[in-house]
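Let me begin by presenting the structure, written as structure tokens, before commenting on it.
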Amino acid sequence: MGPLKNLHGWQPVRRVALFILFLAMVGRPMPILAEAIPTLKKTGQTTAYWAGVIPVYDAQLWVSDEVTLENLLTDQTALNLKLCYHVPLSQKDFVEAAETGLPTPLSPLHSQAVNALHLSYESVSPNDCYRLSYDRTNGTQLWLNNQLKFENNTPGFKALYFGLWLGKTPLSDTVKNNLLKGL
Numbered sequence: 001m002g003p004l005k006n007l008h009g010w011q012p013v014r015r016v017a018l019f020i021l022f023l024a025m026v027g028r029p030m031p032i033l034a035e036a037i038p039t040l041k042k043t044g045q046t047t048a049y050w051a052g053v054i055p056v057y058d059a060q061l062w063v064s065d066e067v068t069l070e071n072l073l074t075d076q077t078a079l080n081l082k083l084c085y086h087v088p089l090s091q092k093d094f095v096e097a098a099e100t101g102l103p104t105p106l107s108p109l110h111s112q113a114v115n116a117l118h119l120s121y122e123s124v125s126p127n128d129c130y131r132l133s134y135d136r137t138n139g140t141q142l143w144l145n146n147q148l149k150f151e152n153n154t155p156g157f158k159a160l161y162f163g164l165w166l167g168k169t170p171l172s173d174t175v176k177n178n179l180l181k182g183l
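According to the UniProt record's numbering, the residues represented by the sequence shown are 1 to 183, in order.
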């Protein structure tokens, strides 16, 4: 502490300051988007299963107040889909699952955005959480354990990618129905 080390009266202040700094750095987890933006409300949650018996992930959907079933996937409404995993999955697992549910063919812009998002995926371990979020300012974002991995503002990309869970032909009707229960 340089010149302060010889000032005995400053030791308690220094200790308190270091303690406060420690608490600020590690004492609290980073908030998820829904906690940071109070206008989002949880509409549903569910667990996705593989082969009907192995829990793969827990999902929660948070939406802005103006969201309805009709405007859910438009570029005018905010969404936050949080997926917390029970099993380890590789980047390849995520890409293969997404590719089975994405429509074909994609426009060149959407294809470029999908490829960029897929390159952003990382392998996960149990208790890791991905969050796919959308708002008009930031566009579609992918977060892993509260670290931003991808961001894109291509019009219609929100509907395309959130559609994997919430669209007309989702990866799982059960997951979709449970996420949309509150709408």
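Glycine included, each C-beta is placed from N, C-alpha and C at the ideal position.
Remember, it's a predicted structure, so these values are computed and weren't measured experimentally.
Mind checking which residues open and close the alpha helix (DSSP H) that includes residue 161? 157–166
In terms of residues, what are the limits of the beta strand (DSSP E) holding residue 135?
-> 129–135
- Task: Look at residue 121 and residue 91 and say whether their C-beta atoms are less than 9 Å apart.
- Result: yes
query = Taking three-plus beta-carbon pairs below 8 Å as touching, is the segment 126–143 in contact with the segment 99–110?
reply = no
Requested in this report: Answer with buried or exposed for residue 191, where buried requires no fewer than 16 other C-beta atoms within 10 angstroms of its C-beta.
Outcome: This structure gives no information on residue 191, because the portion of the chain shown stretches from 1 to 183.
| said: Tell me which residues share the same chain as residue 194 and place their Cβ nearer than 7 Å to its Cβ, disregarding the 5 neighbours each side in the sequence. | reply: In the structure as shown, the chain starts at 1 and stops at 183, and residue 194 therefore has no counterpart that could be examined.
From 172, 124, 138, pick the residue whose C-alpha is nearest to that of residue 158; which is it?
With distances taken between Cα atoms, residue 158 lies closest to 138.
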